[in-house]
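Number of protein chains: 2
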Amino acid sequence: MENQRSIESDLGYLLTRAGMLVVRATNEALAPLELRTRSYTALSLACDRPDGVPQRQVAADMGLDPSQLVAIIDELEQRKLVARTPDPNDRRNKLIVATAAGRDLCAVAARRSAEVTERYFGSVDPAALDQMREMLGQAVFPDTDRILR
Amino acid sequence: MENQRSIESDLGYLLTRAGMLVVRATNEALAPLELRTRSYTALSLACDRPDGVPQRQVAADMGLDPSQLVAIIDELEQRKLVARTPDPNDRRNKLIVATAAGRDLCAVAARRSAEVTERYFGSVDPAALDQMREMLGQAVFPDTDRILR
DNA sequence: ATAAATGATTGAAAAACTCGATGATTGAGA
DNA sequence: TCTCAATCATCGAGTTTTTCAATCATTTAT
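Just so you know, the sequences run in chain order A and B.
Residue numbers for the first sequence, in the working numbering: 1 to 149.
Residue numbers for the second sequence, in the working numbering: 1001 to 1149.
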């Protein structure tokens, strides 16, 4: 006898739906900053690494085709939130490095983003939430010892 | 001092990335059945309710614009996996009801889908997984006492 | 009976995705 | 040193997805 469960308990379904909801709410929350979830994520990845992050790696971290990042970075660069600097060690690479203005905006955006998360997950036990982060991190970054903080 | 965390511990980011990964892997797993994650989800929602589910509710449950469902249901209907039956109580509604063939295919697809989930989350404690389902369910179906099974 | 609301459908425009091609650069090996 | 294959960012074309307004049929409220 099969343990038949409804689609509404399917992890893929739940993940996708929850992701959609959070992304949409985040897009609204970031609209006043003229950021979308996408551009905020890219900016944030740049802010995480003061020395800059290869554009290609931003694409990989976002699960996007590298060609999709061109427009996103173009816009951030035009707004002077990031700069494309040639990697001195490998001039094929463009290192995306956040400007001071970029870091400032990112901090504001991070607060708004956190408010959205709070709205959806504020009522659950923080330890359980950390555990969920842990599980998702394992799924998203397999074979990695990276500690999320 | 702010508790500054990297984007990689942001729940929205993790949810989105994990969802993408699972959806893509599920699409591949379902390709031999000529189903995509989208059509499988719609079919599954129909299978969950023997008396049929209003097309509009399928759209709502999937977070899609109703117009996007037309093509999805069209295809399932052409393949005789579901039928659009007029709701006797409100003839504006189309009730999507799964056929026997639809239920059979859905069962096969569910197994393949579960294998994908197993691949990404098989190594984590089942209780923690249930807890994650619970948390995501709360976020996706707020103000609902629905018990996921 | 009329008017407002709701559901499915269509079509058009915008956004996102995919993929192959290109030029610049690097690294390996003859 | 001189190819040659590989890698990176970018571009462009073609496809798919999303968004949204309009339409028709039906229902509900007035």
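Note that beta-carbon positions come from the ideal geometry of N, C-alpha and C, so glycine has one too.
DSSP-derived helix/strand/coil call for residue i
| i | result |
| --- | --- |
| B:Met1001 | Caution applies to B:Met1001, whose pLDDT of 49 falls short of 50 and renders its modelled position unreliable; the model cannot decide the point. |
| B:Ala1095 | Just to set this straight, residue 1095 of chain B is Leu in the shown sequence, not Ala. Strand, per DSSP. |
| B:Arg1038 | helix |
| A:Pro50 | coil |
| B:Arg1024 | helix |
| B:Asp1090 | coil |
| B:Val1104 | Val is not the amino acid found at residue 1104 of chain B; the sequence shown has Asp there. Residue state, collapsed to three classes: helix. |
| B:Ser1006 | coil |
| A:Gly12 | helix |
Endpoints, the alpha helix (DSSP H) within which residue i is located
| i | result |
| --- | --- |
| A:Ala128 | 126–140 |
| A:Ala152 | Outside the displayed span of chain A (1 to 149) sits residue 152 of chain A, for which this structure offers no information. |
| A:Ser123 | Note, A:Ser123: premise wrong, no alpha helix (DSSP H); not H, not E. |
| A:Glu75 | 66–78 |
Host beta strand (DSSP E) of residue i (start-end)
| i | result |
| --- | --- |
| B:Pro1086 | 1082–1086 |
Members of the region 47–71 of chain A near chain B, C-beta cut-off 9 Å: Cys47, Asp48, Asp61, Met62, Gly63
Determine, using beta-carbon pairs with one atom in the region 1135–1144 of chain B and one in the region 15–27 of chain A, whether at least three such pairs fall under 8 Å. Touching, per the Cβ criterion.
Taking 8 Å as the threshold, find out whether the region 1099–1112 of chain B comes into contact with the region 1056–1074 of chain B through three or more Cβ pairs. no
Quick one: any contact between the region 67–84 of chain A and the region 40–59 of chain A, if contact means 3 or more CB pairs under 8 Å? Because the criterion of three Cβ pairs below 8 Å is met, the region 67–84 of chain A and the region 40–59 of chain A touch.
Please determine if the region 111–121 of chain A and the region 23–35 of chain A are in contact, where contact requires at least 3 C-beta pairs separated by less than 8 Å. yes
Taking a cut of 9 Å between CB atoms, which residues from the region 25–39 of chain A lie near chain B? Ala25, Thr26, Thr37
Would you check if the region 76–85 of chain A and the region 124–131 of chain A touch, i.e. whether three or more CB-CB distances between them fall below 8 Å? no
Using a Cβ-Cβ cut-off of less than 8 Å, give me the residues of the region 1094–1105 of chain B that come near chain A, in sequence order. none
Going along the chain, which residues of the region 1130–1144 of chain B sit with their C-beta nearer than 8 Å to a C-beta in chain A? Gln1131, Met1132, Arg1133, Met1135, Leu1136, Gly1137, Gln1138, Ala1139, Val1140, Phe1141
Anything in the region 1069–1092 of chain B with a Cβ closer than 7 Å to a Cβ of chain A? List those residues in chain order, please. none
Scan the region 10–23 of chain A for residues whose Cβ lies nearer than 9 Å to a Cβ of chain B and list them as they occur along the chain. When C-beta distances to chain B are compared with 9 Å, the residues of the region 10–23 of chain A below that value are Asp10, Leu11, Gly12, Tyr13, Leu14, Leu15, Thr16, Arg17, Ala18, Gly19, Met20, Leu21, Val22, Val23, in chain order.
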